[in-house]
Structure formats: C-alpha cells, structure tokens
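Written out below as structure tokens is the structure these notes cover.
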Amino acid sequence: MSTFLFTHCMARTERASPRLLCTAAQQKSGQGSEEDQHAEQSAAEKGLAEEKGQLEDQLKEVTDKYKRALADTENLRTRSQKMVEDSKLYGIQRLCKDLLEVADILEKATESVPSEEVSSQKNPHLKNLYDGLVMTDKQMQKVFAKHGLVKLNPDGGQKFDPYEHEALFHAPVEGKEPGTVAVVTKVGYKLHGRTLRPALVGVAKAP
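For the sequence shown, my numbering begins at 83 and goes up steadily by one.
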C-alpha cells in the first residue's frame with residue numbers, strides 16, 4: 083500500500099512540474115515585457131520632452147520676431163505721420179524765406195523816413211506813403227503769424243542763444259552784461275517754433 087501511494091505521488095509531481103516551469107517562464111517573460119514597455123515609454127517621453135522644448139524655442143523665436151516687426155511697423159507709422167505733419171507745417175518754408183526779403187525791405191523803408199518828416203504837416207504825400215508802408219508791414223506780419231511765422235527780435239540784454247541768434251561781432255558795451263545781445267542789426271524769424279532765420283546781433287563782452 084505504501085509503495086502504491088509513493089508511486090502515485092511521484093506521478094502527480096511529474097505531471098505538475100511542466101506546468102510550474104511554464105508558469106515560471108511566463109512570469110519571467112512578463113517581467114521582461116514590462117521592462118521593455120517601461121523603456122519604450124521612457125524613450126517616448128524623452129522624445130516628447132525634446133520636441134516640446136524645440137517647439138517652445140520656435141514659439142519664442144517667432145514671438146520675438148513678431149514683436150520686433152510690430153515695433154518696426156509702429157516706428158515707421160510714427161515717422162510717416164511726423165513727416166506728413168512736418169510737411170504741412172514747414173512746406174511753406176521756402177516761400178516764407180522769399181517773403182522775408184520783402185518784409186525786410188518794408189521795414190527798412192519805414193525806418194528810413196525821419197520821424198520829424200512824418201509828424202510834420204509840410205509833406206502830406208510823404209506821410210500818406212509812410213502810413214501805407216506801415217499798414218502793409220502790419221498786414222504782412224498778421225499773415226505771417228497766421229501761418230506760424232513770427233518775428234524774432236531779441237530785446238537788449240537778452241542772453242545770446244546760438245539757436246536763435248547769429249553773432250556778427252563781440253564788443254564791450256557799457257551797461258550790458260557780457261554774453262547778452264547788445265544790438266540787433268537784422269531781425270530773425272521762427273516758423274512754428276523752429277528758427278527759420280536767426281537774428282543778426284552784436285554780443286556784449288567783458289572789457
């Protein structure tokens with residue numbers, strides 16, 4: 083009886099061994115497959131991370147180019163607008179310079195008439211001519227002012243400004259501070275705040 087049981091147990095053990103081996107092999111194979119899958123997943127994640135970084139760099143580059151292009155466009159628009167405005171303001175600059183010569187002649191003509199001759203009743207024709215010149219000069223100055231052209235006539239004692247004045251000479255002048263305008267030989271003009279013609283002046287200096 084004992085011999086029969088031993089033989090039966092050995093037979094069952096021999097039949098069970100291939101199954102155990104197969105199960106062990108499957109478990110080992112499954113572990114290897116999981117490792118391969120994990121490696122593939124890690125490689126894929128690494129590739130996606132690299133691709134993401136490249137896309138972010140490209141996006142940053144495109145964004146920077148867009149911002150620069152936008153800034154260039156805005157600068158161009160601003161410059162173009164400034165050019166149009168300057169053209170409107172200073173487009174008459176050449177005409178104004180020509181008219182200044184006429185204004186100078188009128189001013190010299192009125193200054194050349196002696197004041198006693200004007201106030202005297204002996205020569206009414208001269209007085210009428212003088213009054214006409216004065217009225218013409220005033221009207222011309224009104225037209226100039228209407229278009230932004232104003233006379234630049236520095237008062238005595240005003241500090242010399244190289245942007246508005248042109249010094250013809252420097253000389254000691256009694257009662258004048260050094261570096262100030264002592265005498266004006268020819269008035270200047272400004273067009274919309276920009277010096278069109280500097281005033282010709284003599285500048286006082288220290289003795």
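Every residue gets a Cβ at the ideal spot worked out from N, C-alpha and C, and that includes glycine.
Outcome for residue i when other beta-carbon atoms lying within 10 angstroms are tallied against a minimum of 16
{"i": "H207", "result": "exposed"}
{"i": "V135", "result": "A quick correction: the sequence has Gly, not Val, at residue 135. It counts as exposed."}
{"i": "P236", "result": "buried"}
{"i": "G270", "result": "buried"}
{"i": "A286", "result": "buried"}
{"i": "A185", "result": "buried"}
{"i": "P254", "result": "exposed"}
{"i": "A288", "result": "exposed"}
{"i": "H281", "result": "Here residue 281 turns out to be Ala, not His, going by the sequence shown. Buried, because 16 or more other Cβ atoms sit within 10 Å of the Cβ of A281."}
{"i": "L141", "result": "exposed"}
{"i": "L182", "result": "buried"}
{"i": "D180", "result": "exposed"}
{"i": "L152", "result": "exposed"}
{"i": "L273", "result": "buried"}
{"i": "L87", "result": "Since pLDDT at L87 reaches only 47, below the 50 mark, its modelled position is unreliable, and the value read off the structure follows with that caveat. With fewer than 16 Cβ atoms within 10 Å of its Cβ, L87 is classed as exposed."}
Nearest-angstrom beta carbon gap, residue j and residue i [assumed within contact, 8 Å]
{"i": "L171", "j": "M222", "result": "The Cβ separation is near 20 Å, so there is no contact."}
{"i": "N234", "j": "C178", "result": "Correcting the residue type first, residue 234 is Leu in the shown sequence and not Asn. That belief does not hold up - the Cβ atoms of L234 and C178 are roughly 13 Å apart, past 8 Å."}
{"i": "T192", "j": "V216", "result": "6 Å"}
{"i": "T267", "j": "L250", "result": "6 Å"}
{"i": "K209", "j": "V200", "result": "6 Å"}
Identity of the residues DSSP links to residue i by a beta bridge
{"i": "T277", "result": "K272"}
{"i": "K233", "result": "Y271"}
{"i": "E248", "result": "L282"}
{"i": "A253", "result": "A286"}
{"i": "K241", "result": "T262"}
When the options are compared against residue i, the one with the closest alpha-carbon
{"i": "V195", "options": "V184, D186, K268 and Y212", "result": "Y212"}
{"i": "V283", "options": "E246, E133, D146 and K220", "result": "E246"}
{"i": "Q175", "options": "E116, G214, V266 and R276", "result": "R276"}
Distance cut-off 8 Å: residue i Cβ against heavy atoms of the ligand NAP
{"i": "D180", "result": "The model on display carries no ligand, and the ligand NAP is accordingly not part of it."}
### Query
Are the region 261-274 and the region 235-251 touching, with three or more C-beta to C-beta distances below 8 Å?
yes
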